[in-house]
Amino acid sequence: MENSSKEEYKIQSFDLETQKLLKTALKGPGSVDLEKVSNVIVDQSLKDQIFSREAGRICYTIIQAEAKQTNGNVFRRNLLNRLQQEFKAREETRKRSTQEWVCLVSFICNIFDYLKVNNIPMMALVHPVYDCLFRLAQSDALQNEEEVDCLVLQLHRIGDQLEKMNMQLMDELFNLLRDGFLLQDLSSMGRLLLLEILEFRAGGWTLSETAQKYYYSEVTD
Amino acid sequence: MSTHQKYRYENDCKPDENRKKGASRWSHCRKRGADGNLRKSHEVEEPGKCSQSSHRPESFTTPESEGPVSRVKNWGDEVEAEEMRSNVRRDMHRYRRRILEADFPQRDRKISSGSSDSRDSRDSKESPAKGDLETDETTLIRRQKQINYGKNTLAYDRYIKDVPKHMRQPGVHPKTPNKFKKYSRRSWDQQIKLWRVKLHAWDPPAEEGSDLQQIEEIDLGEIMDFELDVECSADTGSQCPTSSGASLSLAEDSFTGTPKKMMKIEDTEML
């Protein structure tokens, strides 16, 4: 059981003491310093790409557990405010390290995906998420495969939800992507990634069978 | 002036930390601090620390800011506000359904579980006509906040454990005001006030100086009883700081067995 929860929440990359802290938080949030827990999670998300894409899960569980046990939302509040700080500093982060920057974007999007309020996505995060994606769609970022990869990953995961929350911004974003694809001198991988996402959205956030074959026929699972 | 103010804030207390964690005059009954953390029941009021009212969040409009800045500036607050709005809407749907059910009663309708503030739709005398609900979201949210303050107390916790809903007698037992009914602002505020006063009957014992509870256990005889009586008649809130100061010192020196009378005179440095 222990190993499966490690797997499920992808916390293997944490040191043992932190793993223990997280497991305690999952079971009994009232007994741990939730501010510390949220910081630990955010810090790791900025370093660990795999965790940044999955951290939403563990956050969700802790939030539910806290609500049930103490009827509080200390963890969520601390998490969001810390996330906001990181978001504010995103341009510096991008300059300092592309890896950290894409981790940050993945993390914010993952949080958007998992942490819903009465089953509705958090409206407070809609514009920040779009801001991140717009940044990734700028010409300097499109030159960088790591960033394009991050961009298309997020759109695959939460594009449809984002579009529902704000259609106009999504249209604008895709205009940028289309322009980038047509006008910019991109690497062939970059071009392929963009083309796929353009088709993906055009198909209603899903890939037709032929498109699937075209893009993924050589991908081994 | 604002630079002076900032300087003062930084020197006195860090604005965010104390504002959210410090005890205030009214916090002894509250289950949860402003930062959401559960209060420990023996948290002592410290008159020297900054009270909540002396701090303003930085996001308040100040002359040097670019313009009016909303107080709600951080994501934590924004999401909580969203959640409140969403909960109020959900409550509204449930309430409307319940009213409809009241019009068409079914024999074996199950009583829905979970707490809700507006359960009196069945009483046709009280239930509003379908078109007569309070629907203004600002009002509903404000009312819900007031209800939450009341429910976020030790007294309320003890009350609901003590008296299950089906045992409640109207008039005797406090009932949460129904936020969906049309009331004037004054009427609503008064109902809330009365409700909260009624809830005080379930306040935990010896709340004003829980440290007194500790003293009780150390057997100091009738002297302590007198002290207790004075402290506990504090529903009027007319405690003078000196007596709480004295009781604090009493807690610390209780092991030395110094008589209470001596305490009050000697221990002025506690204040």
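Chains as they are written, first to last, in my numbering: chain A, 989 to 1209; chain B, 9 to 279. Even glycine gets a Cβ: it sits at the ideal position worked out from N, Cα and C. It should be emphasised that the depicted structure is a prediction, and the values quoted were computed from it without experimental measurement.
Along the chain, where does the alpha helix (DSSP H) that runs through residue i open and close?
i        : result
E142(B)  : Where E142(B) is concerned, there is no enclosing alpha helix (DSSP H), given that its DSSP letter is neither H nor E.
G1044(A) : 1037 to 1058
T1006(A) : 1004 to 1015
R89(B)   : Inspection of the sequence shows that residue 89(B) is occupied by Ala rather than by Arg. It spans 83 to 111 - the alpha helix (DSSP H) in which A89(B) sits, taken as one unbroken run.
L1181(A) : 1176 to 1190
T1081(A) : 1078 to 1084
S1127(A) : 1127 to 1130
G987(A)  : Here chain A covers residues 989 to 1209 and nothing more, so residue 987(A) does not appear.
Cβ closer than 8 Å: which chain A residues qualify as neighbours of residue i?
i      : result
N95(B) : N1106
R98(B) : N1106
Helix, strand or coil for residue i, going by three-state DSSP, please let me know.
i        : result
P178(B)  : strand
Y997(A)  : helix
T161(B)  : strand
K57(B)   : Here K57(B) scores only 42 on pLDDT, less than 50, and its place in the model is too uncertain to base an answer on.
D211(B)  : coil
R1205(A) : Note that residue 1205(A) is Ser in the sequence shown here, rather than Arg. In this structure, S1205(A) counts as coil in the three-state DSSP scheme.
W1193(A) : coil
D1148(A) : helix
K201(B)  : helix
T69(B)   : At T69(B) the pLDDT is 48, less than 50, meaning the model places this residue with poor confidence; the figure from the coordinates comes in the next sentence. Three-state result, T69(B): coil.
K183(B)  : coil
N1061(A) : coil
D1137(A) : helix
V1025(A) : helix
G253(B)  : Confidence is the limiting factor: at G253(B) the pLDDT is only 40, short of 50, which leaves the residue's position unreliable, though a coordinate-based value still follows. The answer is helix: DSSP assigns G253(B) an H, G or I state.
Can you list, in chain order, the residues of its chain with a C-beta nearer than 7 Å to that of residue i? Leave out the 5 residues immediately preceding and following it.
i        : result
Y1048(A) : Y1102, L1103
D1148(A) : W1193
Q152(B)  : M92, V96, K187
R1189(A) : G1147, F1162
G1018(A) : Q1057, T1058
W1089(A) : R1078, T1081, R1082
Residue i touches chain A at which residues, Cβ-Cβ below 9 Å?
i       : result
V180(B) : Under the 9 Å cutoff, chain A gives no residues; its nearest Cβ is about 27 Å from V180(B).
So which residues on chain B does residue i lean against when the C-beta distance must stay under 9 Å?
i        : result
N1069(A) : N82, W83, G84, D85
R1065(A) : D43, G44, N82, W83, G84, D85, V87, E88
By the criterion of Cβ-Cβ separation under 7 Å, what are the contact partners of residue i in chain B?
i        : result
M1111(A) : E90
Q1072(A) : N82, W83
By DSSP's criteria, residue i is part of a beta bridge. Which residues make up the other side?
i        : result
I1108(A) : V1105(A)
K169(B)  : DSSP output for K169(B) lists no bridge partner at all.
T1198(A) : The partner list for T1198(A) (beta bridge, DSSP) is empty, contrary to what the question assumes.
K189(B)  : L141(B)
Within its chain, find whatever has a CB closer than 6 Å to the CB of residue i; leave out the 5 residues flanking it on each side and keep chain order.
i        : result
I999(A)  : Q1007, L1010
D1036(A) : S1001
Under 8 Å Cβ to Cβ from residue i, same chain only, skipping five residues before and after it: list those, please.
i       : result
K190(B) : P136, D140, L141, E142
Does the ligand COA have a heavy atom nearer than 6 Å to the CB of residue i?
i       : result
R204(B) : The model on display carries no ligand, and the ligand COA is accordingly not part of it.
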